[in-house]
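Residue numbers (full-length UniProt numbering): 1 to 158.
The C-beta atom is built at its ideal place from N, Cα and C for all residues, glycine as well.
Heads up, the thing below is written out as structure tokens.
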């Protein structure tokens, strides 16, 4: 029976690593070109077709805001994580035959292996991809044996 137990701290460096390594498996990884083009086009129609500069400028500014939000998505996400109660807290991570359990003083979650759709190894960790949300685990927190165990679960999903 495999059991792995470790602890690590949720700090700024961990959040940055988590964002960077999880991004390819996220739905926010690509800019919303269609939305930006649509808002810009509607803004031009409002300005020149409807002769409504206020509405047109508002729509164009929404398109610009969408571009800015995409460009600054990493620092914005990290900043939001840093102001949560969990920031700076110690995470207890348990990996066993049932799944992965993570606990901190404010929240606890369990991911059964049956809910994991894909296990993606990244340069610095592993991403447990499942419906609705992904979970990143840094290799810094894992022993070689625990990493190999997780990756063996990947093979059982293929």
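Beta-bridge partners of residue i, as assigned by DSSP
i           : result
residue 23  : According to DSSP, residue 23 bridges with nothing at all.
residue 152 : According to DSSP, residue 152 bridges with nothing at all.
residue 9   : 90
Nearest-angstrom Cα separation, counted from residue j out to residue i
i           : j           : result
residue 49  : residue 119 : 51 Å
residue 104 : residue 53  : 51 Å
residue 35  : residue 130 : 27 Å
residue 98  : residue 111 : 8 Å
residue 124 : residue 22  : 10 Å
residue 122 : residue 55  : 45 Å
residue 42  : residue 107 : 44 Å
Residue span of the beta strand (DSSP E) that contains residue i, given as start and end
i           : result
residue 99  : 99 to 103
residue 112 : 108 to 112
residue 120 : 116 to 121
residue 50  : That residue, residue 50, is in no beta strand (DSSP E); it is neither H nor E in DSSP.
C-beta atoms of residue i and residue j nearer than 9 Å
i           : j           : result
residue 153 : residue 113 : yes
residue 91  : residue 17  : no
residue 160 : residue 76  : One cannot answer for residue 160 here, as it falls past the ends of the chain, which runs 1 to 158.
residue 4   : residue 60  : no
residue 78  : residue 38  : no
residue 100 : residue 135 : yes
Extent of the continuous alpha helix (DSSP H) run through residue i
i          : result
residue 36 : 33 to 44
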